[in-house]
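A.B. asks: Residues 2 to 204, numbered by the working numbering, are exactly what the sequence shown covers, in order.
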Amino acid sequence: MSFTIAIDGPAAAGKGTISKAVASHFGFAHLDTGLLYRAVGARTLDGTDPIEAAKALVAEDLEADNLRSPEVAQAASKVAVIAEVRASLIDFQRAFARRSGGAVLDGRDIGTVICPNAEAKLFVTASAEVRAERRYLELSDKDIDISREQVLADVKERDARDMERAEAPLKPAADAVVIDTSSLAIDAAVAKAIAAIKARRET
Numbered sequence: 002m003s004f005t006i007a008i009d010g011p012a013a014a015g016k017g018t019i020s021k022a023v024a025s026h027f028g029f030a031h032l033d034t035g036l037l038y039r040a041v042g043a044r045t046l047d048g049t050d051p052i053e054a055a056k057a058l059v060a061e062d063l064e065a066d067n068l069r070s071p072e073v074a075q076a077a078s079k080v081a082v083i084a085e086v087r088a089s090l091i092d093f094q095r096a097f098a099r100r101s102g103g104a105v106l107d108g109r110d111i112g113t114v115i116c117p118n119a120e121a122k123l124f125v126t127a128s129a130e131v132r133a134e135r136r137y138l139e140l141s142d143k144d145i146d147i148s149r150e151q152v153l154a155d156v157k158e159r160d161a162r163d164m165e166r167a168e169a170p171l172k173p174a175a176d177a178v179v180i181d182t183s184s185l186a187i188d189a190a191v192a193k194a195i196a197a198i199k200a201r202r203e204t
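1. Could you tell me if A88 is buried or exposed, where buried requires 16 or more neighbouring beta carbons within 10 angstroms of its beta carbon?
2. Below 8 Å CB to CB, which residues in the same chain sit around R149 once its five sequence neighbours on both sides are set aside?
3. How should T5 be labelled, buried or exposed, when 16 other C-beta atoms within 10 angstroms of its C-beta is the threshold for buried?
4. Ignore the nearest five residues each way along the sequence and tell me which others in G17's own chain have a CB closer than 7 Å to its CB.
5. Alpha carbon to alpha carbon, how far is A77 from A55? Give it in angstroms, no decimals.
6. Exposed or buried, what is V59 when buried is set at 16 or more other beta-carbons lying within 10 Å of its beta-carbon?
7. Counting C-beta neighbours from all protein chains within 10 Å, is the total for R95 16 or more, i.e. buried, or is it exposed?
8. Identify every run of the beta strand (DSSP E) within the region 34-112, keeping only runs that are complete inside it and at least 3 residues long; order them along the chain.
9. Starting from the Cα of D92, find the closest Cα among D50, I115 and T182 and give me that residue.
10. Following the continuous beta strand (DSSP E) through F1, name the residue where it begins and the one where it ends.
11. By a C-beta neighbour count over all protein chains shown, 10 Å radius and 16 as the cutoff for buried, is D146 buried or exposed?
12. Whole angstroms are fine: how far does the CA of H31 sit from the CA of I19?
13. Give me the Cα-Cα distance between D181 and A14, rounded to the nearest whole angstrom.
14. Could you pull out every residue in the same chain whose Cβ sits closer than 6 Å to the Cβ of V191, ignoring the five residues on either side in sequence?
15. May I ask you to verify whether the region 154-161 touches the region 34-50, counting CB pairs closer than 8 Å and requiring at least 3?
16. With respect to the beta strand (DSSP E) encompassing A7, which residues constitute its N-terminal and C-terminal limits?
17. Please identify the residue among I195, A197, R162 and A186 whose C-alpha is closest to the C-alpha of P11.
18. If you follow the alpha helix (DSSP H) that I198 is part of, which residue opens it and which one closes it?
19. Under a Cβ-count criterion, where at least 16 other Cβ atoms within 10 Å of its own Cβ denotes burial, should K143 be classed as buried or exposed?
Spelled out as structure tokens, the structure:
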């Protein structure tokens with residue numbers, strides 16, 4: 002049988018780490034839907050039309066090495082406001098969500114748009130400053146030369162674009178459990194997520 006877990010939240014809140022841990026705990030398949038938009042964004046940096054890139058997307062595109070770069074992240078945020086791009090990627094996500102054996106999807110509109118009937122919904126968040134510091138350390142580990150100030154500016158810019166877009170804005174679903182990771186260790190955040198999902202499975 003299928004059981005869908007929708008996990009949304011802004012960049013660097015910890016939703017990817019939590020999603021992978023949750024999927025592993027329950028033995029479910031996992032999809033980072035942000036990679037779909039990053040893959041489309043990466044193609045646009047080469048001059049490809051974003052709508053064409055979305056329509057032509059294949060699973061192999063999600064394995065490209067450059068999908069975690071700041072340039073691709075910004076490109077992903079820009080293509081994500083295009084209604085035709087989002088529409089092209091919806092079927093892929095919904096089919097994954099209803100696969101047998103259970104699925105965890107993380108992104109920005111999973112609980113509100115992609116899987117409004119998901120059996121469990123979480124919204125993982127943290128302050129912009131905490132998220133920027135996490136992203137800065139992550140980029141520094143990859144020897145990407147960028148200042149803390151620039152990372153914070155990028156995070157705030159992306160938040161504004163994601164929350165204010167007309168098409169599928171970033172916001173918690175009405176029935177989502179909100180987990181603020183600003184002062185939570187990752188183990189504690191994962192435990193909180195698993196407890197919330199178990200509670201939904203038992204109702």
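Positions of the beta carbon are idealized from the N, C-alpha and C atoms, including for glycine.
C.D. replies: The structure says:
1. The residue is exposed, with fewer than 16 neighbouring Cβ atoms inside 10 Å.
2. Taken in chain order, the residues that qualify are A133, E134 and Y137.
3. So T5 ends up on the buried side.
4. Cβ within range, chain order: D33 and D107.
5. Cα to Cα, the separation comes out at about 11 Å.
6. Around the beta carbon of V59, a 10 Å sphere encloses fewer than 16 other beta carbons of the protein chains shown; the residue is thus reported as exposed.
7. Under a 10 Å Cβ-count criterion, R95 is classified as exposed, with fewer than 16 other Cβ atoms of the shown protein chains found around its own Cβ.
8. The DSSP assignment places complete beta strand (DSSP E) segments of no fewer than 3 residues inside the region 34-112 at 104-108, in order along the chain.
9. Ranking the options by Cα distance to D92, first place goes to I115.
10. Nothing can be reported for residue 1: it is not among the residues displayed for the chain, which extend from 2 to 204.
11. Around the beta-carbon of D146, fewer than 16 other beta-carbon atoms lie within 10 Å, marking it exposed.
12. Cα to Cα, I19 sits roughly 11 Å from H31.
13. Each residue's alpha carbon lies about 8 Å from the other.
14. So the qualifying residues of the chain are I19 and A22.
15. Because the criterion of three Cβ pairs below 8 Å is not met, the region 154-161 and the region 34-50 do not touch.
16. Residue range T5 to D9 is occupied by the beta strand (DSSP E) that includes A7.
17. Considering only alpha carbons, the answer is R162.
18. First-last of the alpha helix (DSSP H) with I198: I187 to R202.
19. By the neighbour-count definition (other C-beta atoms within 10 Å, threshold 16), K143 is an exposed residue.
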